[in-house]
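Asker:
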Amino acid sequence: MKNLKLVNEIQTLLADLTPELQSHGLLRSLPLKLFLALLLNLIIAPTVLAATGGSISRLNAYAIGLLGLVTVGLAIYLMMVMLQPQRF
Amino acid sequence: MSSSESSSLTTSSTIPPTRGPRYSRHHTAKVNTNGLYARAIRESFVKLDPRIMVRNPVMFVVWVGTIITALTTIDPNLFGSTPGKNQYFYNGLITVILFFTVVFANFAEAVAEGRGKAQADALRATRSDTTARRLSPNGLVQEVSSTNLRKGDLVKVIAGDIIPADGEVIEGIASVDESAITGESAPVLKEPGTDISSSVTGGTRILSDELTIRITADPGQGFIDRMIALVEGAERTKTPNEIALTVLLAGLTLIFLVVVAILPLIANYRGNPVSIATLISLLVALIPTTIGGLLSAIGIAGMDRVAQFNVIATSGRAVEACGDVNTLILDKTGTITLGNRLAEEFIPVNGHSEKDLAQVALASSIFDQTPEGKSIVGLANRLGAKVDFDETKAEGIEFTAKTRMSGTNLPNGVQVRKGAVDAIKGFVRSRGGALTSDLDQAYERVSRLGGTPLAVCKEGDVYGIIYLKDIVKPGIRERFDQMRRMGIRTIMLTGDNRITASVIAAEAGVDDFIAEATPEDKMRVIQAEQAENKIVAMTGDGTNDAPALAQANVGVAMNSGTQAAKEAANMVDLDSDPTKLIDIVTIGKQLLITRGALTTFSIANDISKYFAIIPAIFTAVGLGNLNIMALASPQSAVLSALIFNALIIPALIPLALKGVQFRPLSADQLLQRNVYVYGVGGIIAPFIGIKIIDIIISAVGLA
Numbered sequence: 000m001k002n003l004k005l006v007n008e009i010q011t012l013l014a015d016l017t018p019e020l021q022s023h024g025l026l027r028s029l030p031l032k033l034f035l036a037l038l039l040n041l042i043i044a045p046t047v048l049a050a051t052g053g054s055i056s057r058l059n060a061y062a063i064g065l066l067g068l069v070t071v072g073l074a075i076y077l078m079m080v081m082l083q084p085q086r087f
Numbered sequence: 000m001s002s003s004e005s006s007s008l009t010t011s012s013t014i015p016p017t018r019g020p021r022y023s024r025h026h027t028a029k030v031n032t033n034g035l036y037a038r039a040i041r042e043s044f045v046k047l048d049p050r051i052m053v054r055n056p057v058m059f060v061v062w063v064g065t066i067i068t069a070l071t072t073i074d075p076n077l078f079g080s081t082p083g084k085n086q087y088f089y090n091g092l093i094t095v096i097l098f099f100t101v102v103f104a105n106f107a108e109a110v111a112e113g114r115g116k117a118q119a120d121a122l123r124a125t126r127s128d129t130t131a132r133r134l135s136p137n138g139l140v141q142e143v144s145s146t147n148l149r150k151g152d153l154v155k156v157i158a159g160d161i162i163p164a165d166g167e168v169i170e171g172i173a174s175v176d177e178s179a180i181t182g183e184s185a186p187v188l189k190e191p192g193t194d195i196s197s198s199v200t201g202g203t204r205i206l207s208d209e210l211t212i213r214i215t216a217d218p219g220q221g222f223i224d225r226m227i228a229l230v231e232g233a234e235r236t237k238t239p240n241e242i243a244l245t246v247l248l249a250g251l252t253l254i255f256l257v258v259v260a261i262l263p264l265i266a267n268y269r270g271n272p273v274s275i276a277t278l279i280s281l282l283v284a285l286i287p288t289t290i291g292g293l294l295s296a297i298g299i300a301g302m303d304r305v306a307q308f309n310v311i312a313t314s315g316r317a318v319e320a321c322g323d324v325n326t327l328i329l330d331k332t333g334t335i336t337l338g339n340r341l342a343e344e345f346i347p348v349n350g351h352s353e354k355d356l357a358q359v360a361l362a363s364s365i366f367d368q369t370p371e372g373k374s375i376v377g378l379a380n381r382l383g384a385k386v387d388f389d390e391t392k393a394e395g396i397e398f399t400a401k402t403r404m405s406g407t408n409l410p411n412g413v414q415v416r417k418g419a420v421d422a423i424k425g426f427v428r429s430r431g432g433a434l435t436s437d438l439d440q441a442y443e444r445v446s447r448l449g450g451t452p453l454a455v456c457k458e459g460d461v462y463g464i465i466y467l468k469d470i471v472k473p474g475i476r477e478r479f480d481q482m483r484r485m486g487i488r489t490i491m492l493t494g495d496n497r498i499t500a501s502v503i504a505a506e507a508g509v510d511d512f513i514a515e516a517t518p519e520d521k522m523r524v525i526q527a528e529q530a531e532n533k534i535v536a537m538t539g540d541g542t543n544d545a546p547a548l549a550q551a552n553v554g555v556a557m558n559s560g561t562q563a564a565k566e567a568a569n570m571v572d573l574d575s576d577p578t579k580l581i582d583i584v585t586i587g588k589q590l591l592i593t594r595g596a597l598t599t600f601s602i603a604n605d606i607s608k609y610f611a612i613i614p615a616i617f618t619a620v621g622l623g624n625l626n627i628m629a630l631a632s633p634q635s636a637v638l639s640a641l642i643f644n645a646l647i648i649p650a651l652i653p654l655a656l657k658g659v660q661f662r663p664l665s666a667d668q669l670l671q672r673n674v675y676v677y678g679v680g681g682i683i684a685p686f687i688g689i690k691i692i693d694i695i696i697s698a699v700g701l702a
């Protein structure tokens, strides 16, 4: 219960912050994107933990969450190369 | 570097080069390759920076995979526990192999770049900051550094100087040693007012007499600078072909990524969990790492080969476009012929004597600064003609493409003209003069010999014809035959009359010719061919060729041509050889063929890697029977496949740098041949390679 409330709070915080961050052009920089990805992981990892019914350790859940994000990130990167190859 | 002196680029003989087989015309730059590999190794580690790795999608995925397997080496149970012994060691080995895969790909690119940089350094050494004698408007001479020269400045160079920057000769006559850029030590005559010999390049040395030069390039924009930038590959952008191939490779990588990402779900469901390290190994084995790693090396090496043939190309696109050229349009004078038309004979008509003709010819050419005009003056003088009027009171009429005549207005009002026969005929008729048939006879006689006839008249009286002789460059016929075999159609365009043009065309062996062509005609022909979706290449050297050179898909300017032609073209041939296009076409085709061959090889390799890794992963589900190579153990199978994948990259570096050898076969035959060698070979080779590596690994006891 407590975890869920925390998750909701973080979600609302992000939703409020995003337009502000974008207006400062900060959303472009890579370190910030990585930081946001790690934050996103904070949300995803408990989901992974819940899905496997607690059979894997906390660390595993975070690691798998991160791995999933990296894979999705790679897929998005490859799509960008296919659609806008001149940028690379 | 000590070896990069200008002498290292010269040939030892002073006789002009013979047009021998292709390899003997190939000027191999004498570059310093010591330390090239050591530097390349260091560079390959520097290139591991993610900002550089991002540019290569296939290798970036491998790079990310390396990091993830490194994490699993530290903690094999990071992503959940999976069965298997010696996990630290196994994961560690995979990490090392993947790391070396990335390093080998970087090494390939670094070697290609390194060779280009060595060439660039050799060229740079020939350029030195020299002091130039700048002429200020009031006639004073200032000594300035060559880096302070700007476009439009006038400088004076005397014997022994190094020409400070690219420019156009406006006064004087001298011989110049251009070995710094062409490798030929035979001196070249430079004089003003001609299409052929008026431009000079910075860094070359003047051997005798003196010249006044107008600078045409700012510092850093000169020819040698452009050549350096090209071979260094510093500002290299991907060519359209490379971009297309990168898109393809990214697409394939994405597909395999999705497949491998879904695999664990299926594997876990079937009770056969797979470790992340093995999954990443499968992914890396499947994505086209061979071509992904070698792609940029192929492109860089191709541009260096172009430079080795003494051609300065301003873009990789032009070189690739060459590979598809259908039609080549050539200028006659200066391109197919030597271009220094000299007066050979005076043929009088209309009852005049040779001496009369010589006198009038001299009068008409007294203000003519072109080599033709000067040779007419020379021939007339030899025949005893003298100037019998006051030159200061006479007016010189310049040649224009419109009137096709030039001449002099004598002080007594009499107009003397020389020029194209039909133009002179029109002039004579307008002055009320009569034309005789021996004019046409003489005209035909000269044209049949392949020369250019110039008619000479004084007011309405035709005096005769001057026979200007022009020589076809030696060895051209064989080269045009070669072009025909490659499927390139040659068209010769000239302003000369039909008969001369047909004689020269027959002697040179071109497919087609167009006579009496104006500069607009050149444009029209190119546009007509392009409208038929043909790729048109054009070679030229004169200022009037510039618009056509710009319009053509590939424009090659002769180095001996004017600055305007060189600016308009995509490429400049330092040897001023109109058939140099053959070599560039070969390189253009080679680039595409090499990329295609290695892509085919890379993808064909996947088949054997499936048979290595899949049975290894899924033995528990019964796929172990697919182990047709009889590999020792699942771990050794995966390791062998990965080691083969890594080692094939440096093994193919020489092929990538040299390019697949171009054979003069038809496109279908070439395709068939390459499919056999690289397609079927690509399927079979890894089976053998992986098996051998597997035997070695199990013998050593690594897995």
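Taken in order, these protein sequences are the chains called U and L.
Under numbering that gives the first Met the number 0, the letters of the first sequence match residues 0 to 87, in that order.
Under numbering that gives the first Met the number 0, the letters of the second sequence match residues 0 to 702, in that order.
We treat Cβ as the ideally placed atom computed from N, Cα and C, and that holds for glycine.
Could you tell me which of L/Asn-673, L/Gly-202 and L/Ser-635 sits nearest to L/Gly-219, measuring between CA atoms?
Answerer: Of L/Asn-673, L/Gly-202 and L/Ser-635, the residue nearest in Cα terms is L/Gly-202.
Asker: How would you label L/Tyr-36, buried or exposed, when you count the other beta carbons within 10 angstroms and need 16 or more for buried?
Answerer: Label assigned to L/Tyr-36: exposed.
Asker: For L/Ile-290 and chain U, any beta-carbon pair shorter than 7 Å?
Answerer: So, not an interface residue.
Asker: Could you please give the first and the last residue of the uninterrupted beta strand (DSSP E) stretch that includes L/Met-491?
Answerer: It spans 488-492 - the beta strand (DSSP E) in which L/Met-491 sits, taken as one unbroken run.
Asker: Whether or not the segment 470-485 of chain L and the segment 503-510 of chain L are in contact is what I'm after, with contact meaning three or more pairs of Cβ atoms, one per stretch, closer than 8 Å; do they touch?
Answerer: Touching, yes, given that three or more Cβ pairs across the two stretches are closer than 8 Å.
Asker: Closer than 8 Å is the cut-off here; do at least three beta carbon pairs connect the segment 261-268 of chain L with the segment 625-635 of chain L?
Answerer: No: the two stretches stay apart, fewer than three of their Cβ pairs being nearer than 8 Å.
Asker: Assuming contact is defined by CB atoms lying nearer than 7 Å, are L/Pro-478 and L/Thr-578 in contact in what I supplied?
Answerer: Checking the displayed sequence, the identity of residue 478 of chain L turns out to be Arg instead of Pro. A contact, by the Cβ cut-off of 7 Å.
Asker: DSSP three-state call for U/Phe-87: helix, strand or coil?
Answerer: Note: U/Phe-87 maps to coil in three-state DSSP.
Asker: Please confirm whether U/Thr-11 has its beta-carbon closer than 7 Å to some beta-carbon of chain L.
Answerer: Not one chain L Cβ lies under 7 Å of U/Thr-11.
Asker: Quick check: what's the CA-CA separation for U/Met-78 versus L/Ala-243?
Answerer: Approximately 14 Å between the Cα atoms of the pair.
Asker: Once you ignore the five residues that flank L/Leu-591 on each side, which residues in its own chain have a CB closer than 6 Å to its CB?
Answerer: Gly-322.
Asker: Please give me, in chain order, every unbroken run of the alpha helix (DSSP H) with length at least 4 that falls completely inside the segment 23-84 of chain U.
Answerer: Segments of the alpha helix (DSSP H) lying fully in the segment 23-84 of chain U: 29-50 and 57-82.
Asker: Out of L/Gly-539, L/Cys-456 and L/Val-140, point me to the one whose CA is closest to L/His-351's CA.
Answerer: It is L/Cys-456 whose Cα lies nearest to the Cα of L/His-351.
Asker: Is the Cβ-Cβ distance between L/Val-471 and L/Thr-336 less than 7 Å?
Answerer: Yes. Within cutoff.
Asker: In or out: L/Arg-381 buried (at least 16 other Cβ within 10 Å) or exposed?
Answerer: Classification for L/Arg-381: exposed.
Asker: Give a yes or no on contact between the segment 326-336 of chain L and the segment 252-259 of chain L, applying the rule of three or more CB pairs nearer than 8 Å.
Answerer: Too few Cβ pairs lie closer than 8 Å, so no.
Asker: Write down the C-beta distance between L/Leu-294 and L/Arg-594 rounded to the nearest angstrom, noting that I regard them as a contact closer than 8 Å.
Answerer: Sure, about 7 Å apart at Cβ, within 8 Å.
Asker: Name the two residues that bound the continuous beta strand (DSSP E) containing L/Ser-703.
Answerer: Limits of chain L in this structure are 0 at one end and 702 at the other, which puts residue 703 of chain L out of reach.
Asker: Between the segment 47-69 of chain U and chain L, which residues of the former have a C-beta closer than 8 Å to a C-beta of the latter?
Answerer: From the segment 47-69 of chain U, only Ile-55, Leu-58, Asn-59, Ala-62, Ile-63, Leu-66 and Val-69 have a Cβ closer than 8 Å to chain L.
Asker: Quick check on L/Leu-8: buried or exposed, where buried means 16 or more other Cβ atoms within 10 Å of its Cβ?
Answerer: Bear in mind that the predicted position of L/Leu-8 carries a pLDDT of just 34, short of 50, making it too unreliable to give a figure here.
Asker: Less than 8 Å between the CB atoms is what I'm expecting for L/Lys-189 and L/Val-168, so what's the real figure, rounded?
Answerer: The Cβ separation is near 5 Å, so the contact holds.
Asker: By DSSP's criteria, L/Asn-408 is part of a beta bridge. Which residues make up the other side?
Answerer: For L/Asn-408, which the question treats as bridged, DSSP gives the partners L/Glu-394 and L/Gln-414.
Asker: Would L/Ile-214 pass as a contact of L/Lys-150 if the rule is Cβ separation under 7 Å?
Answerer: Yes.
Asker: May I ask you to verify whether the segment 517-531 of chain L touches the segment 356-372 of chain L, counting CB pairs closer than 8 Å and requiring at least 3?
Answerer: These segments do not touch.
Asker: Note down, in chain order, all residues in the segment 252-272 of chain L with a beta-carbon under 8 Å from any beta-carbon belonging to chain U.
Answerer: Here the close residues are Thr-252, Leu-253, Leu-256, Val-257 and Ala-260.
Asker: In this structure, does DSSP put L/Asp-74 in helix, strand or coil?
Answerer: Correct three-state label for L/Asp-74: coil.
Asker: Could you tell me which residues DSSP puts in a beta bridge with L/Val-310?
Answerer: DSSP, once it has assigned bridges, lists L/Asp-572 as partnering L/Val-310.
Asker: Roughly how many whole angstroms lie between the Cα atoms of L/Leu-361 and L/Ala-433?
Answerer: Roughly 23 Å separates the two Cα atoms.
Asker: Taking 7 Å as the CB-CB cut-off, is L/Gly-418 touching chain U?
Answerer: No, L/Gly-418 lies away from the interface with chain U (no Cβ there is under 7 Å from its Cβ).
Asker: Please check the pair L/Ile-464 and L/Ala-441, which I expect to be a contact at CB under 8 Å, by giving their CB distance rounded to whole angstroms.
Answerer: Correct: roughly 4 Å between the Cβ atoms.
Asker: For L/Val-45, does the three-state DSSP call read helix, strand or coil?
Answerer: It is helical.
Asker: If L/Asn-644 and L/Thr-146 are in contact, beta carbons under 8 Å, what's the gap, nearest whole angstrom?
Answerer: Wrong, their Cβ atoms sit about 50 Å apart, outside the cutoff.
Asker: Would you identify the three-state DSSP class for L/Pro-663, choosing helix, strand or coil?
Answerer: It is coil, neither helix nor strand.
Asker: I need the straight-line Cα distance from L/Gly-166 to L/Gly-459, nearest angstrom please.
Answerer: If you take the alpha carbons of L/Gly-166 and L/Gly-459, they lie about 42 Å apart.
Asker: May I ask you to check if the CB of L/Ser-197 is nearer than 6 Å to at least one heavy atom of the ligand FAD?
Answerer: Ligands displayed in this structure: none; no statement on the ligand FAD is therefore possible.
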